[in-house]
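Participant: Sharing a structure here in structure tokens format.
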Amino acid sequence: MSYRSEVVTVFGGSGFVGRHLIRRLAKTGAIVRVVSRHPNQANFLKTAGSVGQIVPMAADVKDDQSVARAIQGADTVINLIGTLYERGAWNFQTVHVDAPARIARIAKASGVRRLVHISAIGADAKSASAYAKSKAAGEQAVMQAFPGATIIRPSIVFGPEDGFFNKFAAMAQVSPALPLIGGATKFQPVYVGDLADAIAAAVTLDSAAGRTFELGGPRVYSFKELMQLMLREIRRKRFLVPVPWSVAETLGGLLEKVPPIVAPPLTRDQVEMLRTDNVAAAGAPGFKELGIANLSSCEVVLPTYLSRFIVGGRSNTTPRDAGNHSGAH
Numbered sequence: 001m002s003y004r005s006e007v008v009t010v011f012g013g014s015g016f017v018g019r020h021l022i023r024r025l026a027k028t029g030a031i032v033r034v035v036s037r038h039p040n041q042a043n044f045l046k047t048a049g050s051v052g053q054i055v056p057m058a059a060d061v062k063d064d065q066s067v068a069r070a071i072q073g074a075d076t077v078i079n080l081i082g083t084l085y086e087r088g089a090w091n092f093q094t095v096h097v098d099a100p101a102r103i104a105r106i107a108k109a110s111g112v113r114r115l116v117h118i119s120a121i122g123a124d125a126k127s128a129s130a131y132a133k134s135k136a137a138g139e140q141a142v143m144q145a146f147p148g149a150t151i152i153r154p155s156i157v158f159g160p161e162d163g164f165f166n167k168f169a170a171m172a173q174v175s176p177a178l179p180l181i182g183g184a185t186k187f188q189p190v191y192v193g194d195l196a197d198a199i200a201a202a203v204t205l206d207s208a209a210g211r212t213f214e215l216g217g218p219r220v221y222s223f224k225e226l227m228q229l230m231l232r233e234i235r236r237k238r239f240l241v242p243v244p245w246s247v248a249e250t251l252g253g254l255l256e257k258v259p260p261i262v263a264p265p266l267t268r269d270q271v272e273m274l275r276t277d278n279v280a281a282a283g284a285p286g287f288k289e290l291g292i293a294n295l296s297s298c299e300v301v302l303p304t305y306l307s308r309f310i311v312g313g314r315s316n317t318t319p320r321d322a323g324n325h326s327g328a329h
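Residues in the sequence shown are numbered from 1 upward in steps of one, following the UniProt record's numbering.
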């Protein structure tokens, strides 16, 4: 199917996943509206397409008329909006439930052909995590308003601008030790480029309508293994210090009170999420059903962007296994 006459509205398109997705959509010839609260932050994406093809737009997802303007005339709508922590009015209910419900309702009323909603592995109405509960409620709201929507649940997403490996690598630059909360918790990291390919495929495949896909990368790791892999790549020796759950909860309670302009390094809800494995459910539709094969692994991709954390940069000839501190637990 050709996108040449398509108009695609992408909510949250200027973010980490969005910038990779926008480039893929642009190659199809689609007119892509990149919707965010601050459209000037999406101006850099204009070069991903021809003149006038990438259109940054401002919209308030809390307002029906604002959302309707962004969706008007669109053939496809993709919702990438999400948050890992709550800040005032920008809370889980608003971001993960109310906004997706509003987008889905207005998309259906506007005659949109395809809606793709990005959720997360671990979305569960029975979870003790407010994040996971809100993700599940958002999925339900979307499907009620737009039964033919496609739900995509990725595991933790990694890539050049990620907030996971980059955060811990930066910590390793200044700290002799890294906290290990839930070191045995399992993750199935997904490369952002593979996720973008999957979202683009979901837009075109009729078989994706009305279905939920769980997307995990080619390998499952424990949290401890991910930290060890990161340290090897940046060639630093650091202690991995196990943190008891009770201490982690107390620490999260303190850190979540940092000033609103700064993202909290840890919250109590994030500690709760770390109690549960974050891997694709056995038998769940995934990359294969979306026609995506040859997934990129952490071992292949991490060296392409973590080298900036190596003392001396890529020219440093220290063996990668230097990051395996003999004192790591």
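The beta-carbon is built from N, C-alpha and C at its ideal position, and this holds for glycine as well. These figures come from a predicted structure and were not determined experimentally.
Per DSSP, ARG268 forms a beta bridge with which residues?
Facilitator: DSSP lists no partner for ARG268.
Participant: State the Cα-Cα distance for the pair ALA128 and CYS298, rounded to the nearest angstrom.
Facilitator: If you take the alpha carbons of ALA128 and CYS298, they lie about 29 Å apart.
Participant: Where in the segment 2 to 74 do unbroken runs of the beta strand (DSSP E), each at least 3 residues long, occur, reported from the N-terminal end onward?
Facilitator: Fully enclosed beta strand (DSSP E) runs of 3 or longer: 7 to 11, 31 to 36, 54 to 58.
Participant: Tell me whether the beta-carbon of ILE181 lies closer than 8 Å to the beta-carbon of VAL271.
Facilitator: Cβ distance < 8 Å, so ILE181 and VAL271 count as in contact.
Participant: Taking the alpha helix (DSSP H) that ILE199 belongs to, which residues open and close that run?
Facilitator: Counting along the chain, the alpha helix (DSSP H) containing ILE199 begins and ends at 192 to 204.
Participant: Rounding to the nearest angstrom, what Cα-Cα distance links ILE81 and SER14 in this structure?
Facilitator: Roughly 10 Å separates the two Cα atoms.
Participant: Let's see if you can read the secondary structure: which residues bound the alpha helix (DSSP H) around GLU233?
Facilitator: Where GLU233 is concerned, the enclosing alpha helix (DSSP H) stretches over 223 to 234.
Participant: For GLN188, count the other beta carbons within 10 Å of its own beta carbon; 16 or more makes it buried, fewer makes it exposed. Which is it?
Facilitator: By the neighbour-count rule (16 or more Cβ atoms within 10 Å), GLN188 is buried.
Participant: By the 10 Å Cβ neighbour count, where 16 or more other Cβ atoms means buried, how is THR267 classified, buried or exposed?
Facilitator: That one is buried.
Participant: With DSSP run on the structure shown, which of helix, strand or coil describes residue 345?
Facilitator: The question about residue 345 has no answer, for the chain in this structure spans 1 to 329.
Participant: Could you spell out where the beta strand (DSSP E) holding LEU84 opens and where it closes?
Facilitator: Looking at the DSSP string, LEU84 is not in any beta strand (DSSP E), and its letter there is neither H nor E.
Participant: Taking the alpha-carbon positions, what's the ASN43 to ILE78 distance?
Facilitator: In a straight line, the C-alpha of ASN43 is about 19 Å away from that of ILE78.
Participant: Drop a sphere of 10 angstroms on the beta-carbon of LYS27, count the other beta-carbons inside from all chains shown, and report buried for 16 or more, exposed for fewer.
Facilitator: With fewer than 16 other Cβ atoms within 10 Å, it is exposed.
Participant: Report yes or no: do the segment 257 to 267 and the segment 235 to 246 share at least 3 C-beta pairs separated by less than 8 Å?
Facilitator: These segments do not touch.
Participant: Is it buried or exposed for GLN228, if we count other Cβ within 10 angstroms and need 16 for buried?
Facilitator: So GLN228 ends up on the buried side.
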